[in-house]
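For the sequence shown, the numbering used here gives the first residue as 776, with consecutive numbering after it. In this text, a Cβ means the ideal position worked out from N, Cα and C, and glycines have one as well. These notes are about the structure you will find just below.
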Amino acid sequence: MREEKQIQLIADGDENALRSLIERYYPEILRYCQWHAPNISYAEDAAQESFLKAIHYVRRNSFRGNFRAFLYQIARNTCLDMKKSSWNSLTYIEDIENEPLASSNAMDEIERREVIHSALLTMTEEEQELVHLRFDSNLKLREIAAILNLPVRTVQSRLRKALKELEPHLKGV
């Protein structure tokens, strides 16, 4: 079903259309919130809050445009708001339980991710977010521009700059 039709059905109160849309986008929004959040519990809260806000906008018929970018924009704002107000560095037991078990392939992947993570930490938060949105969330430049409320050319040039900064850190990864 086309997304525009699905959005209209949700606005009209169709629970199946709503469930389908949530199932489609929840995993990637949760991953995005995990990038912002200090632990999985906060990420889940932020993702759920993001969907509640998006559904509210859709049901008020105040949504127009690319729903995926719109949802990411809501998730970003929700995460930033939650970061300001309530996130701290507490670790929950479910976060420890979800850590990967050690194996040679898992260890190689952990090491590779650690190198990438360390390289990303040399960048500004804005640059980190650009890289995450483009390569982890696989968003198009115009979607990222809509999420960050920037012109596409600005996103393109900032992403290019960020990748140039990353390049020396990632040699051999």
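Query                                                                                                                                                          : Result
Do the region 832 to 851 and the region 889 to 899 meet, that is, are 3 or more Cβ pairs less than 8 Å apart?                                                  : no
Here's a check: name, in chain order, each residue in its chain whose Cβ is nearer than 7 Å to the Cβ of H907, leaving out the five neighbours to either side. : W810
Relative to the alpha-carbon of L895, which residue among L923, L938, S932, P926 has its alpha-carbon at the smallest distance?                                : L938
The alpha helix (DSSP H) with H831 in it runs from where to where?                                                                                             : 815 to 834
Beta-carbon within less than 8 Å of K828's beta-carbon, same chain only, minus the 5 sequence neighbours each way: which residues are those?                   : I849, T853
Check whether the Cβ atoms of R806 and D911 sit closer than 8 Å, and answer yes or no.                                                                         : yes
By Cβ distance below 7 Å, which residues in the same chain neighbour R909 in space, the five residues on each side in sequence not counted?                    : I919, L934
Starting from M898, follow the alpha helix (DSSP H) in both directions and report where the run begins and ends.                                               : Neither: M898 is in no alpha helix (DSSP H) and is coded neither H nor E.
Run through DSSP, which three-state label would F838 get?                                                                                                      : coil
Beta-carbon within less than 8 Å of N836's beta-carbon, same chain only, minus the 5 sequence neighbours each way: which residues are those?                   : A786
Using DSSP with H/G/I as helix, E/B as strand and the rest coil, what is K915?                                                                                 : coil
On the DSSP letters alone, give me the boundaries of the alpha helix (DSSP H) that L941 sits inside.                                                           : 927 to 941
From H824 to H944, what does the alpha carbon distance come to, in whole angstroms?                                                                            : According to the sequence shown, residue 824 is Glu rather than His. Approximately 36 Å between the Cα atoms of the pair.
Alpha carbon to alpha carbon, how far is P926 from H831? Give it in angstroms, no decimals.                                                                    : 27 Å
What is the DSSP secondary structure of Y867, reduced to helix, strand or coil?                                                                                : Unreliable positioning characterises Y867 in this predicted model, as indicated by a pLDDT of 46, which lies under 50. The coordinate reading is nonetheless provided below. Three-state DSSP puts Y867 in coil, outside helix and strand.
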